[in-house]
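Structure first, then comments.
Numbering (our numbering), first residue to last: 1 to 333.
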């Protein structure tokens, strides 16, 4: 297996996220890449999230905080230069989430800090989260990325993010600040360069091989990367399209929170928006297409579950669709 490593001193989220996607869809068989990057004063939301609900958009504008949207699922996160982002990029045969996660845990151990994995996508120290992860897969191309908080300023978390009380309750905590921690709280003299070196060494140790360093491309040298940067920086991608909804539903379920907005005219669903912090990504777009044009009735929702869903009945995607359809049906008089 070929191990590759790169890092960037660019702190523009649109360039960094575009570069991540660019490298993902150019991953070769038999190789794993680790990419390290940072964003300055940025909120990054998951692919299916509603920025107007998740973020305090006006406060972000006043604070010159950028809004970025990634292609993976999960919730909103705040990035500053006290945070280091990592991405593991691989084709499906080499993609190994437990092994990739072990690289992060081993790197923290090399710094002299004991950490552990809790839940599906959090790494913690003494029960407090210092690293959150999200995942993306499409046509055999995969990435696993996340944050490592080594000295993040917690103040903007309260200024820029709206975190629902139901989400905090599901985590068993009273506030966002109470469930997060920085590496410096456990090793006061840790530096960014020490953290990067620990990650590089852990990557080689966990995978048992030599790591090759390489330089990432630039927009000036590759028009396809330039097109991706244009996409990530566009208002359409970041904020999405607002619809004049007539019905709104919000709920937190075991797979994540969901907000559904429906524009119903003449008893028919004319438009639909589905927003979620679930780690699943594609299912919400598929269900949206199935809902548009459906009659807004309990019987139509039952028919949709019985015959129109493209997922196997025992799949996670099918369960998500059924949960959302049932929420819609419950609101129909």
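Just so you know, even glycine gets a beta-carbon here, dropped at the ideal spot from N, CA and C.
What number of angstroms, rounded off, separates the C-alpha of residue 39 from the C-alpha of residue 241? Taking the chain shown and counting its residues from 1, the one referred to as residue 39 is at position 39. Taking the chain shown and counting its residues from 1, the one referred to as residue 241 is at position 241. Cα-Cα distance, rounded: 25 Å.
Within the region 54-105, note down every full alpha helix (DSSP H) run reaching 4 residues or more, in order along the chain. 57-62
Are the region 273-292 and the region 35-55 in contact at 8 Å, needing three or more beta carbon pairs? Cβ pair count under 8 Å is three or more, so yes.
Output needed for residue 273: all residues of its chain with C-beta closer than 6 Å, excluding positions within five of it in sequence on either side, in chain order. Within the chain shown, the letter at position 273 stands for residue 273. So the qualifying residues of the chain are 243 and 261.
Strictly by DSSP, which residues pair up with residue 37? The residue you call residue 37 lines up with position 37 of the chain shown. Answer is 85, bridged to residue 37.
Beta-carbon contacts of residue 173 that lie in its chain and below 6 Å, excluding the five residues immediately before and after: For this step, residue 173 is matched to residue 173 along the chain shown. With a pLDDT of only 45 at residue 173, under the threshold of 50, the placement of this residue in the model should not be trusted; the figure read from the coordinates follows. So the list reads 179, once near-sequence residues are dropped.
Range of the contiguous beta strand (DSSP E) that encloses residue 245: The residue you call residue 245 lines up with position 245 of the chain shown. Run containing residue 245: none; DSSP gives neither H nor E here.
Residue 216 versus residue 8: straight-line alpha-carbon distance, rounded: Numbered from its first residue, the chain shown carries residue 216 at position 216. Numbered from its first residue, the chain shown carries residue 8 at position 8. Looking at the two C-alpha atoms, the distance is approximately 8 Å.
Validate contact between the region 81-101 and the region 48-67 using beta carbons, cut 8 Å, 3 pairs: no
Please look up how many angstroms separate the CB atoms of residue 94 and residue 30, rounded, as I've assumed it's under 8 Å. Mapped onto the chain shown, residue 94 falls at position 94. Mapped onto the chain shown, residue 30 falls at position 30. With a Cβ gap of about 7 Å, residue 94 and residue 30 count as contacting.
Name the DSSP bridge partner or partners of residue 265? Taking the chain shown and counting its residues from 1, one reaches residue 265 at position 265. According to DSSP, residue 265 bridges with 268.
Cβ-based neighbour list, residue 100, same chain, cut-off 7 Å, excluding 5 preceding and 5 following: Against the chain shown, residue 100 aligns to sequence position 100. Taken in chain order, the residues that qualify are 88 and 144.
Can you tell me whether residue 203 is buried or exposed? The criterion is at least 16 other CB atoms within 10 Å of its CB, across all chains shown. As a working note, residue 203 is residue 203 in the chain shown. With 16 or more Cβ atoms within 10 Å of its Cβ, residue 203 is classed as buried.
Three-state secondary structure (DSSP) at residue 286? Counted from its first residue, the chain shown places residue 286 at position 286. In the structure shown, residue 286 sits in a helix (DSSP, three-state: H, G or I).
Pair every Cβ in the region 223-243 with every Cβ in the region 287-302, then say whether three or more of these pairs are closer than 8 Å. A contact between stretches requires three or more CB pairs, one per stretch, nearer than 8 Å, and the region 223-243 fails this requirement with the region 287-302.
Check the Cβ-Cβ distances between residue 233 and every residue of chain C, and say whether any is below 7 Å. Here chain C cannot be found, since the structure has a single protein chain.
Which runs of the alpha helix (DSSP H), 4 residues or longer, sit entirely within the region 181-219? 192-207
Determine the DSSP secondary structure at residue 47, reduced to helix, strand or coil. On the chain shown, residue 47 is found 47 positions in, with the first residue counted as 1. Residue state, collapsed to three classes: coil.
Euclidean distance between Cα positions of residue 189 and residue 118: Counting from one through the chain shown, the residue named residue 189 turns up at place 189. Counting from one through the chain shown, the residue named residue 118 turns up at place 118. Their Cα atoms are separated by approximately 26 Å.
Every unbroken alpha helix (DSSP H) inside the region 99-164 [4 residues or more]: 155-160
Leaving out five residues before and five after residue 184 in sequence, what residues of the same chain have Cβ atoms less than 7 Å from its Cβ? Taking the first residue of the chain shown as position 1, residue 184 is located at position 184. Within the same chain, residue 184 has close Cβ partners 150, 151 and 190.
Are residue 309 and residue 321 close, meaning C-beta to C-beta below 7 Å? Against the chain shown, residue 309 aligns to sequence position 309. Against the chain shown, residue 321 aligns to sequence position 321. Cβ distance < 7 Å, so residue 309 and residue 321 count as in contact.
Straight-line CA distance for residue 2 to residue 251? As a working mapping, residue 2 is identified with position 2 in the chain shown. As a working mapping, residue 251 is identified with position 251 in the chain shown. Their backbone Cα atoms lie some 44 Å apart in a straight line.
Leaving out five residues before and five after residue 246 in sequence, what residues of the same chain have Cβ atoms less than 7 Å from its Cβ? Indexing the chain shown from 1 puts residue 246 at position 246. Taken in chain order, the residues that qualify are 262, 263 and 264.
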